[in-house]
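Some notes on the structure that comes next.
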Amino acid sequence: MIQKFTLTVNGKSHTVNADPDMPLLYALRDELGLNNPHFGCGLAQCGACTVHLDGQPARSCITTMSTVGDAKITTLAGLGTPDKPHPIQTAYIEEQVPQCGYCINGWLMTAAAFLRDKKKPTEAEIKDALSGLKCRCGTHISILKAVKRAAEMMG
Amino acid sequence: MTKFEHNSAFTRRSVLLGGGALVVSIGAALPLDTLLSLQAAYAQGAKPPLTPDQLSSYIAVNADGSVSAFFGKMDMGHGLAVAIAQIVAEELDVPFKSVKVFMGDTANSVNQGGASGSTGIQNGGKQMRMAAAEARRVLVEMASGLLSTPVEQLKVNDGVVSAASDPGKRISYAQMIGGRYFNVQLEWNKQYGNPLYAPGKAQPKNHTEHRIVGQPIKREDVAPKVFAQEDFVTDIKVPGMVHGRMIRPAIAGAVPVNVDESSIKDIPGAKVVWDKGFLGVVADKEWDAIQAAQKLKVEWSKVEPPFPEQASLYDHIRKASVRKRSVDKENGNVDDAFKAAAKVIEAEYEWPFQSHACMGPACALVQIKDGQVTCWSGTQKSHFVQEGLALTLDLPVDRVRVIHTTGPGSYGRNDADDCAMDAAVLAKAVGKPVRLQYMREQGTGWDPKGPASNHKARAAIDATGKVMAYEFTSKGFSRFDVNTNGGKPHDTLAGQTRGVALQSRDAFGIPAESYAFDNKRMAWETIPPLLDRSSPLRSAHLRDPVGPQIHFASESFIDEVAAALNADPIEFRLRHLQDPRDIAVIKAAAEKANWETRPSPRRNQSGNKVSGRGIAYAQRNGTRVAIVAEVDIDRSTGKIWARKFTVAHDCGQIINPDGLVKCIEGNIVQGVSRTLWEEVTFDRKSVTSVDWLTYPILDITETPAEVNVALINHPELPPTGAGEPSIRPVAAAIANAIFDATGVRIRRVPFSPDRVKSALS
């Protein structure tokens, strides 16, 4: 039973016909052509599919279409642009964080929401906020440097 | 592709006549025919064949003066393209920013081996350096004729050749050859892959002249990733594409005997592709393909579960028949020395199967159109996948193009090549382009595994405490159940499931070190695979193939001998090491880590929270790495925090120090993960570690606080590899630090809290 859904993604409205049980991830990637987020596990264990729903990080691989409602969706492409980057994006470039880069969606989206809500976080608070996200290339040291740098930029 | 379009429209004469600036800049009137003959020797409009003996296969100067470098290897995330561009820009005397590196596309590069064995710079860079040097030589020679100035009186600056005595006499690379092709033959050694080498007549620059090589230039591909502007292989789409998913048996070795296609008839576009053991589905939409794979009713053949219980894995290895034994290094008379020993120290170490467990399961897109195949793949080895696809699809190799496109991580022979072949079988069967992505449980459960192994070491000590003899033997599954690439059907799941027999070959390795003992023997033994076809425990190359396991054992054992002789671990190593660069990295690491000279273990700690430090070192194909690990251990929980690493790294000439440090950091962190957490689990039926809960890796809360790197630069030496060497000694450094802290030796990886806690109690 395909249903019609209206999604607000990065400030634009889209109509998608989909199975209500289909994860949001496939609507974003396959119907709307947004190449971030990524499929990593489909099990909410890695974070590669993370988007913001009304500003809160959500794993789009287990968020079904029927539960999105009228939440405003933000993907990495909506976080910032080369002309107007989010501080965490600037910090990632400055620190040259990624290796393969497939995981960064989860770290950037999670860190952006965390840094918005938590000013001047301690290292332990940063680690706690990012715990559970996966990076297989082992860029964790640079990730921490970048999040700290972004925290400083965000005051 | 930015490379020359509409080549066929060019004639040499029209290009030259059109290039008025060329004639004007020379000033003196040279007859046009003279100009043409000077240029004809080295430049032409038609592209020479894409073969390793053609300069045009590596380097092109475009009409706008920019330079394209065509590289038959590719970057797996270490910024290799930057280093290659630095090398090419250096030798050509063009600005770094003018060089663009195209990697791993079979349509425009030759088979330089792909990403393999940390040879991106060591072999690949060496070839690109020689090609760029030859290009410069040829261009300067052309300029010499065109400017009527001897070669030795010319200089090159930012791609412009000018007379040293008269800067007005100048001509640019673009004016001479821009938009056309080099027609220059190289001296190819007739090898493909990593050993490919095809120098020209030119000598590369002396390192003292280097201005771009050695600089910490940043990657340009970071920003596109961060702004979601880069297409990964998972993001590629073509018109008419359908989505595929594969179906694997619950009991390894089982094959479908009955497939009920009507069970998915309600799913739009759903089709079954079934050929012997090969079973996949396609559907118009991705979610539908996933649903179809889940809902398809399949009856599988009844087979005996093929695997031993996991608890008996190491017993199995110990008792298994030896398929091949190889003594790779021997001096003196080891057996006699052990007979004469006053004391013998022995130990045995164990390393589990490990998974690549890449961030995402593999994905490939295969399009077959008008007899031409195009495959987008995250493979490390496009040219071998090209051969594999040709064999799988029964087409000539030249009908297949493989375009390497960044995948979800790669650390060796992961699931990428299998995915490309599976996608090809699906695409051929359904007559449409197929984008196939594996599911998580297939990525972790069914990727080729790093082999499990057992390692025995013993040392003979005489009455004075001197080491008389040392013997080290590894026994394990081969590193080549399937090859390091999908170039042959027997090396892929698509081949094996469709009836091609596994051709497991024998390869392992020995410690790479320079300890001198009067009597020394180092050997390896391989055992047969657990299942002779399409096995989720087939073994292959995983980052630094068999290096971490061998050096975990060998460098732990050296530490055990030092402790038994009450010697400081570094002092003991330096007493026996022969190679000056080995000695230098150990001294550099010790100095940077403020190493306190004393035997292990520490004896001044009490309570549950204890700390220790350990050293380990290794060579790898010319590179040397020494690591000092500092760890904290909670004895009550068995939890280890590998808190600080000091790494001394010597890979000859450093091309890009910043990129190198990042590469080393990744090696260390991934090494910590593999040491503390990673173990493929299985039951008698199949692999049971299939996601991030069942195959845990390091979490950011467990990340080392510091990785301090001491780079030892030898600009006078050729560069060697960095992609893998520094993961090699990590496990032993941690094990030695645990011993230092606790006096307890952990001899089986991973050092999970349960295992450590029980070892400590």
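Chains as they are written, first to last, in this note's numbering: chain R, 1 to 155; chain X, 1001 to 1761. Backbone N, C-alpha and C define an ideal beta-carbon position, used for all residues, glycine too.
By alpha-carbon positions, which one of the options ends up nearest to residue i?
i          : options                                        : result
Cys1419(X) : Asp1398(X), Ala1429(X), Val1400(X), Leu1389(X) : Leu1389(X)
Lys1205(X) : Trp1188(X), Val1233(X), Ala1135(X), Asp1166(X) : Ala1135(X)
Pro1239(X) : Ala1562(X), Val1366(X), Glu1441(X)             : Val1366(X)
Ile1317(X) : Phe1353(X), Trp1274(X), His1714(X)             : Phe1353(X)
Lys1218(X) : Ala1083(X), Asn1604(X), Gly1652(X)             : Ala1083(X)
Pro1762(X) : Leu1676(X), Asn1608(X), Pro1511(X)             : An answer regarding residue 1762(X) cannot be provided, because it is not within the stretch 1001 to 1761 covered by chain X.
Glu1187(X) : Arg1180(X), Ala1198(X), Gly1179(X)             : Ala1198(X)
Val1322(X) : Glu1679(X), Pro1095(X), Ile1527(X)             : Ile1527(X)
Ser142(R)  : Met1142(X), Val1661(X), Gln1503(X), Glu1309(X) : Val1661(X)
Pro1569(X) : Ala1732(X), Gly1445(X), Asp1491(X)             : Ala1732(X)
Arg1521(X) : Leu1530(X), Arg1635(X), Asp1328(X)             : Asp1328(X)
Phe1477(X) : Leu1531(X), Ala1460(X), Ile1461(X)             : Leu1531(X)
Pro1434(X) : Thr1646(X), Thr1149(X), Lys1271(X)             : Per the sequence presented here, residue 1434(X) reads as Val, with Pro not at that position. Among Thr1646(X), Thr1149(X), Lys1271(X), the Cα nearest to that of Val1434(X) belongs to Lys1271(X).
Phe1278(X) : Met1421(X), Glu1152(X), Glu1141(X), Ile1177(X) : Met1421(X)
Cys1358(X) : Val1709(X), Ala1342(X), Gln1670(X), Lys1237(X) : Gln1670(X)
Please state the DSSP three-state secondary structure of residue i.
i          : result
Leu1711(X) : strand
Gly155(R)  : coil
Thr15(R)   : strand
Gly1612(X) : strand
Gly1045(X) : coil
Ser1726(X) : helix
Gly1476(X) : strand
Phe5(R)    : strand
Val1744(X) : coil
Glu1350(X) : strand
Arg1170(X) : strand
Ala1135(X) : helix
Glu1716(X) : coil
Asp1394(X) : coil
Asn1157(X) : strand
Met22(R)   : coil
Glu1230(X) : coil
Ala1060(X) : strand
Cys41(R)   : coil
Check the C-beta distance from residue i over to residue j and give it rounded, since I have them as a contact under 8 Å.
i          : j          : result
Val1756(X) : Gly1638(X) : 4 Å
Gln1044(X) : Gly1721(X) : No, Gln1044(X) and Gly1721(X) are not in contact; Cβ-Cβ is about 36 Å, not under 8 Å.
Ala91(R)   : Met153(R)  : 7 Å
Glu1571(X) : Thr1597(X) : 6 Å
Thr1681(X) : Gln1442(X) : Contact doesn't hold; Cβ gap of about 16 Å is too wide.
Thr1497(X) : Ser1534(X) : 5 Å
Glu1330(X) : His1210(X) : With a Cβ gap of about 42 Å, Glu1330(X) and His1210(X) do not count as contacting.
Arg1413(X) : Val1482(X) : 7 Å
Val1110(X) : Pro1049(X) : Wrong, their Cβ atoms sit about 10 Å apart, outside the cutoff.
Arg1129(X) : Ile1087(X) : 5 Å
Could you check whether the Cβ of residue i sits closer than 7 Å to any Cβ belonging to chain C?
i        : result
His86(R) : The displayed structure is made up of protein chains R and X, and chain C is not among them.
**Asked** What runs of the alpha helix (DSSP H), each 4 residues or longer, lie entirely inside the region 1622-1690 of chain X?
**Response** 1657-1676
**Request:** Taking a Cβ distance cut-off of 7 Å, strictly less, list which residues of the region 1344-1367 of chain X are near chain R, in chain order.
**Result:** Ala1357, Cys1358, Met1359, Gly1360
**Request:** Scan the region 1300-1336 of chain X and note each continuous beta strand (DSSP E) run of 3 residues or more that stays entirely inside, going in chain order.
**Result:** 1324-1331
**Message:** Output needed in chain order: residues of the region 109-136 of chain R with a Cβ under 8 Å from some Cβ in chain X.
**Reply:** Lys127, Asp128, Leu130, Ser131, Gly132, Leu133, Lys134, Cys135, Arg136
**Request:** For the region 11-23 of chain R, enumerate the residues whose C-beta is nearer than 8 Å to any C-beta of chain X, in chain order.
**Result:** Ala18, Asp19, Met22, Pro23
**Request:** Give, in chain order, every residue of the region 25-48 of chain R whose Cβ lies closer than 7 Å to some Cβ of chain X.
**Result:** Tyr26, Asp30, Asn35, Asn36, His38, Phe39, Gly40, Cys41, Gly42, Leu43, Gln45, Cys46, Ala48
**Item:** Interfacial residues, the region 44-73 of chain R to chain X, with Cβ spacing under 9 Å
**Value:** Gln45, Cys46, Ala48
**Interfacial residues, the region 1266-1292 of chain X to chain R, with Cβ spacing under 7 Å** = Lys1285, Glu1286, Trp1287
**Message:** What are the residues in the region 1398-1411 of chain X lying within 9 Å of chain R by C-beta distance?
**Reply:** Thr1406, Gly1407, Pro1408, Gly1409, Ser1410, Tyr1411
**Prompt:** Can you list, in chain order, the residues of the region 1669-1688 of chain X whose Cβ is nearer than 9 Å to any Cβ on chain R?
**Reply:** Val1669, Gln1670, Gly1671, Val1672, Ser1673
**Message:** Short of 8 Å Cβ to Cβ, which residues in the region 1429-1443 of chain X face chain R?
**Reply:** Gln1437, Met1439, Arg1440
**Request:** Compile a chain-ordered list of the residues in the region 93-105 of chain R whose CB is closer than 8 Å to at least one CB of chain X.
**Result:** Ile93, Gln96, Val97, Pro98, Gln99, Cys100, Gly101, Tyr102, Cys103, Ile104, Asn105
**Asked** Going along the region 1634-1666 of chain X in order, which residues come within less than 9 Å of chain R, judged by CB to CB distance?
**Response** Asp1658, Gly1659, Lys1662, Cys1663, Glu1665, Gly1666
**Where the region 1708-1732 of chain X meets chain R: residues whose CB sits under 7 Å from a CB there** = none
**Message:** Restricting to runs no shorter than 4 residues, where is the alpha helix (DSSP H) found entirely within the region 1471-1534 of chain X?
**Reply:** 1493-1497
**Contact set between the region 1691-1704 of chain X and chain R, restricted to residues whose Cβ is under 8 Å from the partner** = Asp1691, Trp1692, Leu1693, Ile1697, Leu1698, Asp1699, Ile1700, Thr1701, Thr1703, Pro1704
**Request:** Please name the residues in the region 1594-1615 of chain X whose beta-carbon is closer than 8 Å to at least one beta-carbon of chain R, in chain order.
**Result:** none
**Message:** Tell me which residues of the region 1077-1110 of chain X have at least one Cβ-Cβ distance to chain R shorter than 7 Å, keeping chain order.
**Reply:** Gly1077, His1078
**Prompt:** Taking only runs of the beta strand (DSSP E) that begin and end inside the region 1529-1601 of chain X, which ones reach a length of at least 3 residues, in chain order?
**Reply:** none
**Request:** Ignoring anything shorter than 3 residues or poking outside the region 42-75 of chain R, list the beta strand (DSSP E) runs there in chain order.
**Result:** 50-53, 56-59, 72-74
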